[in-house]
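Let me begin by presenting the structure, written as structure tokens, before commenting on it.
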Amino acid sequence: MEQRQQHFLVVTYPAQGHVNPSLRLAKRLAQTTGGHVTFSTAISAHRLMFPSLAKPDEEVEDGLLTYIPFSNGYDDGFKVDTDGDLDDFLYQFKLVGTRTLDGIVHDLAARGRPVSCIIYTIFLSWAADVARDHGIPSALYWIQPATVFTTYYHYFHGYEELITSHGHDPFFTVDLSGLPHLQIRDLPSLITSTNSDDPYRPILVALKETFDTLDQKENSSKPKVLINSFDALEADAIKAVGDMDLITIGPLLPSLPLDIGKDSEDTASGGDLFEADKKRYMEWLDSKSGRSVVYVSFGSMSVIKKRQLEEILLGLKESGRPYLWVVRKDNRGEGVELEDGENGMVVEWCSQVKVLSHPSVGCFVTHCGWNSTLESLICGVPTIGVPQWTDQGTNAKLTEVWGTGVRSEVNGEGLLDGSELKRCLEVVMGEGGRGVEIRTKAAIWKDKAWEAVREGGSSDRNLKTFVEEIASNN
Ligand code: UDP
1 MEQRQQHFLV
11 VTYPAQGHVN
21 PSLRLAKRLA
31 QTTGGHVTFS
41 TAISAHRLMF
51 PSLAKPDEEV
61 EDGLLTYIPF
71 SNGYDDGFKV
81 DTDGDLDDFL
91 YQFKLVGTRT
101 LDGIVHDLAA
111 RGRPVSCIIY
121 TIFLSWAADV
131 ARDHGIPSAL
141 YWIQPATVFT
151 TYYHYFHGYE
161 ELITSHGHDP
171 FFTVDLSGLP
181 HLQIRDLPSL
191 ITSTNSDDPY
201 RPILVALKET
211 FDTLDQKENS
221 SKPKVLINSF
231 DALEADAIKA
241 VGDMDLITIG
251 PLLPSLPLDI
261 GKDSEDTASG
271 GDLFEADKKR
281 YMEWLDSKSG
291 RSVVYVSFGS
301 MSVIKKRQLE
311 EILLGLKESG
321 RPYLWVVRKD
331 NRGEGVELED
341 GENGMVVEWC
351 SQVKVLSHPS
361 VGCFVTHCGW
371 NSTLESLICG
381 VPTIGVPQWT
391 DQGTNAKLTE
401 VWGTGVRSEV
411 NGEGLLDGSE
421 LKRCLEVVMG
431 EGGRGVEIRT
441 KAAIWKDKAW
451 EAVREGGSSD
461 RNLKTFVEEI
471 ASNN
């Protein structure tokens with residue numbers, strides 16, 4: 001392998017659920033190749049990753065990675081109230097993003113560090129155009145499960161009519177090659193929406209562009225799609241898309257101490273776009289007994305209604321179990337007292353993987369974002385799924401297929417009732433047969449996940465093969 005030639009440019013969308021897996025991949029590539037890896041997200045996220053920079057677009061170098069942001073035209077972040085709708089946003093994003101990313105690729109070549117491969121995430125298919133214009137190979141990095149990739153693939157290749165026409169029936173079953181039986185409510189919400197004015201429609205259009213870009217691959221080799229998942233977890237879904245090369249390389253974590261020996265403190269930023277809460281929640285966890293604590297978090301984007309916060313609080317209190325609950329600053333219900341003395345701690349943002357790795361945590365009540373789902377899997381923590389939108393319903397379904405979690409039911413208003421949360425907590429954490437089975441399955445999948453990412457495991461081998469193929473094509 002010609003190591004000196006390797007320079008991966010990892011380009012990602014400025015949101016937490018995209019930055020985390022992309023940064024983890026960038027680090028893994030740097031450690032695997034020993035070559036250059038540049039991480040690039042929009043300035044709006046770069047400035048949050050590095051809050052003490054003199055200029056928001058300043059380049060950062062930490063010995064492992066170089067961080068160079070691109071502009072998407074919204075350097076202060078996108079605000080729906082003043083900046084227009086999603087359609088305008090994604091249009092500008094592509095226009096300005098293409099121009100500024102092209103400038104970065106030019107600059108890096110001029111500085112004697114030519115890029116040898118661009119890896120881009122969801123919504124950034126225009127990055128593949130930039131790569132093509134520079135004669136550089138590119139690969140999509142899919143940061144949701146292979147099951148969701150395959151579902152969209154089928155949707156865009158002949159199943160749109162069937163799925164759309166049953167969008168109103170959450171229990172209608174769709175059989176798609178390589179996937180478990182999926183009901184409409186298990187499919188990504190973007191393809192089952194029955195609202196003709198759906199404000200999120202532009203996201204589906206951007207996804208269609210992503211698949212069109214892959215379909216248009218010019219040379220004879222299959223388009224490469226890196227997936228943050230592992231073979232044993234989604235074997236059939238991976239094989240179902242024969243005309244693309246789906247390469248599982250996950251689950252990628254902030255650090256894999258067993259085989260890497262470097263942890264996230266070795267890089268200039270852990271990738272957080274939110275300020276960590278100063279409360280001593282890890283010490284608080286230390287004071288609790290093994291597997292007794294309920295960890296609750298709905299990720300970086302979910303907007304939780306005040307009424308929903310009240311119901312969750314009710315369920316947690318009635319279950320009588322200690323809880324650590326992340327409620328972001330932008331998501332607090334006015335006048336709701338969420339803490340419960342020594343029994344319940346509420347934080348604005350925490351180090352989630354550290355929390356999930358703590359032996360006191362016995363259950364994760366999650367919105368089922370894919371990162372959260374993978375993190376719970378690799379930490380062996382059973383889940384209660386409360387999916388909100390996009391891929392989360394599918395991810396919740398997958399936890400049931402694997403046997404590592406339950407999906408909660410919602411009431412007529414789409415809210416999780418306190419009594420339902422209490423019931424689910426009893427199923428997952430209680431002494432009944434199902435709880436025992438779920439905890440056993442969680443332990444089994446934890447082992448399989450580690451098996452995939454450790455040296456010589458399927459994901460480790462897949463990433464190394466990918467790197468070698470890119471090197472031999474340059
Ligand atoms: N996260 C975190 N601290 C928190 C809440 C979330 O570090 O207090 C991280 C979590 O570990 C995950 C990411 O934020 O890596 C959220 O990604 P996910 O795909 O689960 O959900 P999204 O935010 O994209 O909806």
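Residue numbers (full-length UniProt numbering): 1 to 474. Glycine included, each C-beta is placed from N, C-alpha and C at the ideal position. None of the values given here were measured: they were computed from a predicted structure.
Query: Measuring CB to CB, does residue 311 end up less than 7 Å from residue 422?; Result: no
Query: Taking the Cβ atom as the reference point for each residue, do residue 379 and residue 356 lie within a distance shorter than 7 Å?; Result: yes
Query: Is the separation between the beta-carbon of residue 327 and that of residue 346 shorter than 7 Å?; Result: yes
Query: Can you give me the start and stop residues for the beta strand (DSSP E) that residue 224 sits inside?; Result: 224-227
Query: For the region 102-172, list the beta strand (DSSP E) runs that are entirely contained and at least 3 residues long, ordered along the chain.; Result: 117-121, 138-142
Query: So, residue 177 versus residue 237, is the Cβ gap smaller than 7 Å?; Result: no
Query: Quick one: what's got a C-beta closer than 7 Å to residue 136's C-beta in the same chain, skipping five residues either side?; Result: 115, 116, 117, 118
Query: Taking 6 Å as the cut-off, is the beta-carbon of residue 352 closer than that to any non-hydrogen atom of the ligand UDP?; Result: yes
Query: Could you compute how far the alpha carbon of residue 288 sits from the alpha carbon of residue 360?; Result: 6 Å
Query: Mind checking whether the beta-carbon of residue 229 lies closer than 6 Å to any heavy atom of the ligand UDP?; Result: no
Query: Quick check: the region 427-440 against the region 380-389, are at least 3 beta-carbon pairs closer than 8 Å?; Result: yes
Query: What's the call for residue 65, buried or exposed, on a 16-neighbour Cβ count within 10 Å?; Result: buried
Query: In whole angstroms, what separates the C-alpha of residue 449 from that of residue 456?; Result: 13 Å
Query: Bridge partners of residue 42, per DSSP?; Result: 70
Query: Where does residue 466 sit, in a helix, a strand or coil, going by DSSP?; Result: helix
Query: Go to residue 281, then tell me how far its alpha helix (DSSP H) extends in each direction, as first and last residue.; Result: 281-286
Query: Pull up the distance between the alpha-carbon of residue 435 and that of residue 401, whole angstroms please.; Result: 15 Å
Query: Do three or more CB pairs link the region 154-161 to the region 176-193 at distances below 8 Å?; Result: yes
Query: From this set, 233, 211, 235, which residue's C-alpha is nearest residue 225's C-alpha?; Result: 211
Query: Are residue 19 and residue 41 closer than 7 Å when you measure CB to CB?; Result: yes
Query: CB-CB under 8 Å to residue 242, same chain, minus the five flanking residues each way: which ones, in chain order?; Result: none
Query: Can you grab the Cα-Cα spacing for the pair residue 192 / residue 343, in whole Å?; Result: 40 Å
Query: To the nearest angstrom, report how far apart residue 187 and residue 146 are at their CA atoms.; Result: 13 Å
Query: Rounded to whole angstroms, what is the Cα-Cα separation between residue 330 and residue 471?; Result: 45 Å
Query: Would you mind sorting residue 525 into buried or exposed? The rule is 16 or more other CB atoms within 10 Å of its CB.; Result: This structure gives no information on residue 525, because the portion of the chain shown stretches from 1 to 474.
Query: Just to confirm, does residue 388 get its C-beta within under 6 Å of one of the non-hydrogen atoms of the ligand UDP?; Result: no
Query: Give me the Cα-Cα distance between residue 108 and residue 131, rounded to the nearest whole angstrom.; Result: 13 Å
Query: What do you reckon, is the C-beta of residue 49 under 6 Å from a heavy atom of the ligand UDP?; Result: no
Query: Terminal residues of the continuous alpha helix (DSSP H) containing residue 401?; Result: 392-402
Query: Can you tell which of 39, 82, 469, 77 has the C-alpha that lies nearest to the C-alpha of residue 67?; Result: 39
Query: In whole angstroms, give me the CA-to-CA distance for residue 100 and residue 93.; Result: 10 Å
Query: Grab the span of the alpha helix (DSSP H) containing residue 307 for me, first residue to last.; Result: 306-319
Query: Assuming the contact rule is C-beta atoms closer than 8 Å, residue 488 and residue 230 should be a hit. Round their C-beta distance to whole Å, please.; Result: The shown model of the chain, from 1 to 474, leaves out residue 488, and the question about it has no answer.
Query: Determine the DSSP secondary structure at residue 297, reduced to helix, strand or coil.; Result: strand
Query: When the Cα atoms are used, what is the spatial distance from residue 259 to residue 28?; Result: For residue 259, the pLDDT reaches just 38, beneath the cut-off of 50, and the residue's location in the model is therefore unreliable, leaving the point undetermined.
Query: Can you tell me whether residue 399 is buried or exposed? The criterion is at least 16 other CB atoms within 10 Å of its CB, across all chains shown.; Result: buried
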